[in-house]
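Each residue of the sequence shown is one higher than the one before, counting from 1256 in our numbering.
Cβ atoms here follow ideal geometry from the backbone N, Cα and C, with glycine treated the same way.
What you are looking at is a predicted structure, and each value in this text was computed from that prediction instead of being measured.
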Amino acid sequence: MAARPRGADYGGIVLLSILLGTRWEAWAGQIRYSVAEETEKGSFVGDIAQDLGLEPRELVERGVRIVSRGRAQLFALNARSGSLVTAGRIDREELCTQSAQCLVSLNILVEEKMNLYPVEVEIRDVNDNAPKFLTEEINVKIMENAAPGLRFPLSEAVDPDVGVNSLQSYQLSPNRHFSLVMQSGDDGVKYPLLVLEQVLDREEEAFHHLVLLASDGGNPPLSATAQIQVTVVDMNDHIPVFSLPQYQVTVPENVPVGTRLLTVKAVDLDEGVNGEVTYSFRKITPKLIQLFHLNSLTGELSTLKGLDYEEASSYEMEIQAQDGPGSLAKVKVLVMVVDVNDNAPEVTVTSVSSSIPEDAPLGTVIAFLNVHDRDSGKNGQVVCHVGDQLPFKLEKSVDNYYRLVTWKDLDREEVSSYKITVTASDLGTPPLATETHISLMVADTNDNPPAFPHASYSAYIPENNPRGASIFSVTAQDPDSQENAQITYSVMEDTISGVPLSTYVSINSDTGILYALQPFDYEHLRDLQLWVTASDSGEPPLSSNASLTLFVLDQNDNAPEILYPTIPTDGSTGVELAPRSAEPGYLVTKVVAVDRDSGQNAWLSYRLLKASEPGLFSVGLHTGEVRTARALLDRDALKQSLVVAVQDHGQPPLSATVTLTVAVADSIPEVLADLGSVRTANDQDDSDLTLYLVVAVATVSCVFLAFVIVLVALRLRRWHHSRLLHSAGDRLSGIPAPHFMGIDGVQAFLQTYSHEVSLTTDSRKSHLIFPQPNYADTLISQESCGKNASLLTSVDFQECKDEAACAQVSSVLPLAVPLCLQ
C-alpha cells in the first residue's frame, strides 16, 4: 500500500498539538454580560471579540463558536462586529420562573488553541406581565352576626415578574362595611384580607359587591381586578378545620398518571348545609392545574399528567375547605418529586483529531467532549473513563466538558492505532451508561534512543597493565530501524587531576569495546569515573548515557618502607639504650614501617631475623615493638645487635630489614667504660671489623701527625721571615680540626639519643644516671652534637662532697668532644 504524504499524516493533529506548542489550559477568568428579556433578535449582548483579545475578523479565522447543551440556542456570534447577540426572543419567566436572578451559561470555544471560555449572561426582568387573578369573581360568605374586625382571606393575584415588577399592592373599592389589609406570609408573598368594619344585616342587604385591584411596581405599573361578592348568610357556628396544619407527599417522578397522591380532610361540626365541606384550589398556577386534579367532595389529589423531576423537583399549592354558608379554611400542600434514574448520560464530541505523532508531549489534547445527565443527585453524577490499558485519560475542564489527553508516551512500534472507547456512567441504581468511540492513528517518529541494559557498569583492571589492553565492552539496543538504529559509541570528555580522560582510555565507536591507553598505577589512581554515550543516526539523533566505574586492582609492587629507626647517612648505626635493671617486657624501641600498597598487600608483620644474644629480645608480630624477653645479666654484652625483618602479606611477599644496636648499661660512665673495652671483649668475639677500623684510624692519625710535623718544620725554616711566619700562623689556624673516629657505636649512640644528666647526692659517692631515653626520629647533626658537648661541659655540679666523685665526672666530660664524630 502506498504511503500517504507526510503532510496528510499530521494534518489532523496540526490544530491540536503542533500549533498549540503548549498544553491546553482552562480559562481561569469569567466573562459576564447582561441583557433585558423580550429584546428583539440580533440585539447586542457583549463585545466578545474584545474580551477575548481578538479582532472581529479573527473569530472566523480561529474557529470561534458557541458550544452549549440542552436548550435551544439563545445567543449567536456576529462575525462582522465580533459581538454576542440574541438569537431570538428571550422570556425570563420561561427560563427561570420566580428565581430572583436569572443566569444563562454558555461556553465560547476557540478551535485554534482549543481554549474554552465560560460566559454567563444575566437576563434582566422587564415588566411584561400584569398581575392576574385565578378567577374573575371571588365569593365570600359572612354570617350576619359576625363581629366587626373579623378577617376573611381573599384569593391573591399572581405576577410572574420579580423584584419591583412583581405584585406590590391591593386596593379595595370604597365601602362602609368592609376594608382591606395585606398580610405577608412566610414565603414573602402578600395576601389580601377582607376586614368586617360594621355588623351586617341580611334583611337589609343580602349581597355586597366589591372590586379588588392588584397592582405591580413596574414603570408604568400594571394591574388586574377581581369582583368580590359578599353573601350574608344566617349564623354558622363553626368553620371547617383540616386534620393537619400542612400536607406533604413524596412521590417518584415516574408515578403513573391518575395516581392518588394524598387526601386532604376538613371537619365542620355544624349540621346540615352548614356542615357540608367542599374542597377547591385556592392558590395555584395554570401550569399546576394541568398537572393535578382535586376532588371537590373527597379532597383526593391525583395526577393529570406525568411528573418530571428535571422540570420541577417540588410543587406547592393551597387548598381551601368551604362549608355551606361559606366559612373558609386553607391548608398548604407540598408535593415533593423524587428523581428516578431515567436519563442516560449524553456525550457530545465537540472537537477531535484523527492522527497524532508518537513523540507528542504528555497532555496533548486529542478531543473535547461534553457530558450531561438530566437527572440529579447521584443519578445525575457522571463518571467518564477510558480503558485502563490505553495511554489516554480524561481531564475535567470547565462546566461539564472533558478533554481527552495523552498521559503516557506513545510508541508506534508497539501500537500504530487506537480505538478509544469513552464510557460515561451515572451513579444511579441501576446505573445507565453511554459509550462513544474515537479512532486515532499514531504517526512514526524517531522517538527511541539507544538503551543500555544497565544504567551503570563496573569494570576491574590490575595495575601495571599493558598498553592497549581491552578493559570492558558495552552494548546498547535501539528498537527503531534503519538509520534510527545505527549506534555510535563515544566517551564523554572529562579530566582526571587536570589530565584529559582521553589519555587514559579510548572506545571503539562501532563495537563499544573500551581500551587502556597507558598502564595504571594503583598508588596514584584507584578508580576512574567515565560516561559512555550511545547515539543513533536518526534525525534528530537521540542518545543515552551509561556510567562506567573502572576500578584499578592493587598488586604487591611496593616493599615495606621503614620509617623508624632511620638509616644514618654517614654509615654508622643507631644505638638504643636498655638499662641493666630492665625487667622482662621492657620496651626498648619500636620499629615503624608502612607499605604503599593496600589491603592484604599492606598488612605487615615483624620478626627478629638475627640477634647477637638469642633469647634476650623479642619483637611484636604486629606492633614491631622490641622488648626484653628476660632480665638482663651482668654477663650480657654491652652492645647487642638485632636484625628485624618487616614483611607484607602480598603474593609474592616483599620485605625489608633494619639493624638495631642496643647498648646495655645502668649509667653513662659505665657506658663509656664499657664502650672503651668493647674492642677487647665483645667485639673480638663477634667480628674483627672493629680491630680493622682501629688500625685504619691509627694509620690515618699517624699520617696526619707526620704531615703536621713536616708542615711545622717547613714553617720553622721560614721563621726568619717574620711577615711570612705571621701569615703562615693565620693559615694554620684555619685548618679544620681533625676528626677522630671513636670506638664503633659511640658516635651513633650520642647522635641518636638526648639524655637528661643529673647528679645524685643521696650517697657519699655521687654518680650520673639517665632516665627513660627520649627517642629521636632522625640522627642529630654535627652542630647539634657540638651543642650537646657544650651542655655536658656546663653541668653545674654544685658542691662536690666527694673528690673521687668529682674526678669521675670530670673524667667523663672530656670524652664528649672526641665522641662527637662526623
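Taking each of Val-1593, Asp-1654, Ser-1853, Val-1660 in turn and checking the Cα distance to Thr-1619, the smallest one comes out for Val-1660.
When Cβ pairs closer than 8 Å are counted between the two stretches, the region 1589 to 1605 is seen not to touch the region 1529 to 1541, the count staying below three.
Under DSSP, Arg-1862 shares a beta bridge with Ala-1900. Residue burial is scored here from C-beta neighbours: Met-1747 has fewer than 16 other C-beta atoms within 10 angstroms and is therefore classed as exposed.
Less than 8 Å separates the beta-carbon of Ser-1582 from that of Lys-1396. About 10 Å separates the CB atoms of Ser-1694 and Ser-1608; that is not less than 8 Å, and the two are not in contact. DSSP places Asp-1782 in the strand class (E or B) of the three-state scheme. In the structure shown, the three-state DSSP call for Ala-1951 is helix. Distance from Asn-1362 to Val-1374 at the Cβ level is roughly 7 Å; contact confirmed, criterion being Cβ atoms closer than 8 Å.
Short of 7 Å from the beta carbon of Glu-1650, and not among the five residues preceding or following it, lie these beta carbons of its own chain, in chain order: Tyr-1657, Arg-1658, Val-1660.
Here Asn-1634 carries a helix assignment [DSSP, helix/strand/coil]. For a cut-off of 8 Å, the C-beta gap from Asp-1776 to Glu-1718 is around 6 Å, short enough to register as a contact. A straight line joining the alpha-carbon of Lys-1648 with that of His-1640 spans about 7 Å.
When only Cα atoms are considered, Val-1843 and Gly-1854 end up about 30 Å apart. Where Ile-1303 is concerned, the enclosing alpha helix (DSSP H) starts and stops at 1303 to 1306. Counting C-beta atoms within 10 angstroms of its own C-beta, Ile-1751 has fewer than 16 neighbours from the protein chains shown and is therefore classed as exposed. If only uninterrupted alpha helix (DSSP H) runs of at least 4 residues are considered, none is enclosed by the region 1557 to 1633.
Setting aside the 5 residues that flank it on each side, Thr-1480 is surrounded in the same chain by Val-1466, Leu-1467, Leu-1468, each with a C-beta closer than 7 Å to its C-beta; the list follows chain order. Taking Tyr-1673 as the centre and dropping the five residues before and after it, the same chain places the C-beta of Leu-1695 closer than 6 Å to its C-beta, in chain order.
Between the C-alpha atoms of Leu-1562 and Ser-1631 there is a straight-line separation of about 15 Å. Three or more beta-carbon pairs drawn from the region 1789 to 1799 and the region 1731 to 1744 are found closer than 8 Å, and the two stretches are therefore classed as touching. A Cβ-Cβ distance of about 7 Å is found for the pair Val-1697 and Val-1670, placing them in contact under the 8 Å criterion. The continuous alpha helix (DSSP H) containing Arg-1347 extends over residues 1347 to 1351. In this structure, the CA atom of Leu-1524 is about 43 Å from the CA atom of Gly-1418. Here the region 1470 to 1480 makes contact with the region 1381 to 1388; the two share three or more CB pairs at distances below 8 Å. If you look at Glu-1650, you'll find it in the beta strand (DSSP E) that goes 1647 to 1651. Cβ neighbours of Ser-1764 within its own chain (closer than 6 Å, five residues either side excluded): Thr-1743, Tyr-1744. Note on Val-1485: 16 or more other CB atoms within 10 angstroms of its CB, so buried under the neighbour-count rule.
In this structure, the straight-line span from the alpha carbon of Arg-1320 to that of Ile-1378 is close to 21 Å.
A residue is called buried once 16 or more other Cβ atoms fall within 10 Å of its Cβ, and Asp-1578 is buried on that count. Partner residues in the beta bridge of Arg-1287, as assigned by DSSP, are Glu-1375.
For Ala-1461, the CB contacts under 8 Å within the same chain, skipping 5 residues up- and downstream, are Thr-1486, Val-1487 in chain order. Inclusion of Ala-1918 and Leu-1863 in the CB contact set at 8 Å is not warranted, their separation being larger than that value.
The C-alpha of Asp-1891 lies about 13 Å from the C-alpha of Ala-1884. With respect to Tyr-1841, Val-1899 sits apart: the two C-beta atoms are not nearer than 8 Å. If you draw a straight line from the Cα of Thr-1553 to the Cα of Val-1413, it comes to about 27 Å.
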